[in-house]
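Numbering (mature numbering (1 follows the signal peptide of the UniProt record, and there is no 0)) for the sequence shown: -22 to -1, 1 to 335.
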Amino acid sequence: MSKKIARGSLCVLGMVCLTAQAAEPPTSLDKGEGRLDIIAWPGYIERGQTDKSYDWVTQFEKESGCQVNVKTAATSDEMVSLMAKGGYDLVTASGDASLRLIMGKRVQPIDTALIANWKSLDPRVEKGAWFNVNGKVYGTPYQWGPNLLMYNTKTFPTPPDSWSVVFVKQNLPDGKTNLGRVQAYDGPIYIADAALFVKATQPQLGISDPYQLTEAQYQAVLKVLRDQHALIHRYWHDTTVQMSDFKNEGVVASSAWPYQANGLKAEGQPIATVFPKEGVTGWADTTMLHSDAKHPVCAYKWMNWSLTPKVQGMSRPGLVRYRWYPRGAKPARCWGTKAARPMVTTNLPKSRSGKRR
């Protein structure tokens, strides 16, 4: 049997061995504790402080009596670290953090019967492997999205159709080399992106799942990543820094999330995105409850609130991601142009692991 490199799959299998006693869910949500502490990605939880049109916190606080306090985190590693320190009730964990949090016993299973809006959740995501383990549900799905190829339209008058522009040394359409003008994501999960490229360019290796590689496949992917190193301007993990690099540092192509692309386009920057022919990976975020949450009632109230059409349909155009629309829900009025709206009901992530970030 060949050795497998299966980060996401091994995490799931490893969960079978967990025997820790989970905290008991609240028996009633009638009275909240008055406070809620959440770790979240930037832009995920807004109360209208920068734009009054984008506020899905104020109404929740008035109706629930729970004062929301948000600690923003820029990476999955930071979220895992903060959850380990404790003092928080919820975290909007991405797929490459959610299983770590479950395995590390930092989060507890939830009782979906206490979440009235759970019944309206898109059925295609209810059993997502990134938050369902051993028949237990470890959170509420919140947002998802693809990992796109973001590029400068002045450098690429015609959209690039391949990830080769960031993996292979070459002259770009403007006649200049891509050396020092491209970026890559700063995290082990980026191996899957490289694996998609290798799958297409080295079909003899027989890669079928970019998240589960044989030793030979893994070594081939590592070679592509090592060769790419000389091209890299920066390995990014901070979205704000990457956006600045595209504006000020001459970066013209990179993997990115819809967040950066929409933000740059909203500023009038010459930016566009494309799904290269080799395909893309994706990510899925879950609101998870800390094992030692001090405000579990408020946490359950928030998880239910996060699945309402109002919250699922509301996001600043520059911060657009993809939402898990409840059945029959429509985007809220605050959505910008049709092109900026997510199409969750028809474009669910294909990765069974929900990994990313």
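Virtual Cβ for every residue (Gly too), placed ideally from N, Cα, C.
Nearest to residue i (by Cα), restricted to the options the options
i: residue 339; options: Glu245, Ile80, Asn47; result: Summary: the structure shown does not reach residue 339, with the chain confined to residues -22 through 335, and so no result is reported for it.
i: Val176; options: Thr192, Trp280, Ile16, Asp164; result: Thr192
i: Gly82; options: Ile93, His268, Thr218; result: His268
i: Trp214; options: Gly43, Thr131, Gly165; result: Gly165
i: Arg78; options: Asp89, Phe109, Val48, Pro101; result: Phe109
i: Trp283; options: Ala94, Trp141, Thr218, Pro87; result: Ala94
i: Ser6; options: Trp19, Leu92, Leu60, Ile167; result: Leu92
i: Val160; options: Lys288, Leu285, Lys225; result: Lys225
Sequence-distant residues of the same chain with beta carbon closer than 8 Å to residue i, five excluded per side
i: Leu126; result: Ser233, Ala234, Trp235, Pro236, Ala239, Thr251, Val252, Phe253, Val258
i: Val202; result: Phe145, Ala172, Phe175, Val176
i: Pro138; result: Leu127, Tyr129, Ala231, Val252, Pro254
i: Ala62; result: Gly82, Arg84
i: Gly64; result: His268, Asp270
Sequence-distant residues of the same chain with beta carbon closer than 6 Å to residue i, five excluded per side
i: Ser54; result: Ser72, Asp74, Ala75, Arg335
i: Lys89; result: In the sequence on display, residue 89 carries Asp and not Lys. So the list reads Pro3, once near-sequence residues are dropped.
i: Thr133; result: Leu150, Asp152, Val230
i: Lys333; result: Here the model assigns Lys333 a pLDDT of 43, short of 50, so the residue's position is not dependable, and the following value carries that caveat. Closer than 6 Å at the Cβ level, and outside the excluded window around Lys333, lie Gly(-15), Gly73, Asp74, Ile167.
i: Met281; result: Ile93, Thr118, Thr265
i: Thr179; result: none
Distance, residue j Cα to residue i Cα
i: Tyr278; j: Leu174; result: 38 Å
i: Asp67; j: Pro135; result: 47 Å
i: Ser222; j: Leu242; result: 9 Å
i: Gly106; j: Asp29; result: 33 Å
i: Leu99; j: Gln290; result: 11 Å
i: Glu227; j: Asn156; result: 13 Å
i: Val199; j: Asn130; result: 26 Å
i: Tyr120; j: Tyr32; result: 17 Å
i: Ala51; j: Gln45; result: 19 Å
i: Gly10; j: Asn47; result: 15 Å
i: Glu56; j: Thr264; result: 16 Å
i: Gly306; j: Pro181; result: Below a pLDDT of 50, predicted positions are generally treated as unreliable, and Gly306, at 46, falls in that range; no measurement from the model is reported.
i: Lys97; j: Pro287; result: 13 Å
i: Gly158; j: Asp187; result: 30 Å
i: Val219; j: Gln86; result: 33 Å
i: Trp19; j: Lys49; result: 9 Å
i: Ile23; j: Asp205; result: 39 Å
i: Pro101; j: Leu285; result: 13 Å
Presumed contact (8 Å Cβ cut-off) between residue i and residue j, rounded CB distance
i: His211; j: Val229; result: 5 Å
i: Tyr189; j: Ala170; result: 5 Å
i: residue 349; j: Met266; result: A query on residue 349 cannot be resolved here, the shown segment of the chain reaching from -22 to 335 and no further.
i: Lys147; j: Leu209; result: 6 Å
Sequence-distant residues of its chain with Cβ nearer than 7 Å to residue i (five each side left out)
i: Leu183; result: Val176, Ala194, Gln195, Ala198
i: Asp8; result: none
i: Arg25; result: Asp33, Val35, Thr36
i: Ile185; result: Ala173, Val176, Lys177, Leu191, Gln195
i: Ser140; result: Pro254, Lys255, Glu256
i: Asp216; result: Ala52
i: Gly43; result: Gly10, Gly12
i: Gln27; result: none
| task | Examine the Cβ distances between the region 37 to 55 and the region 240 to 258 and report whether three or more of them are shorter than 8 Å. | result | Using a Cβ-Cβ distance cut-off of 8 Å, the region 37 to 55 and the region 240 to 258 are not in contact, since fewer than three pairs of beta carbons, one from each stretch, lie closer than that value.
Query raised in the report: Are the region 108 to 115 and the region 146 to 159 touching by the rule of at least three beta carbon pairs closer than 8 Å?
Result: Verdict: no, contact absent.
Three Cβ pairs or more, each shorter than 8 Å: is that satisfied between the region 267 to 283 and the region 13 to 24?
Yes: the two stretches touch, three or more of their Cβ pairs being nearer than 8 Å.
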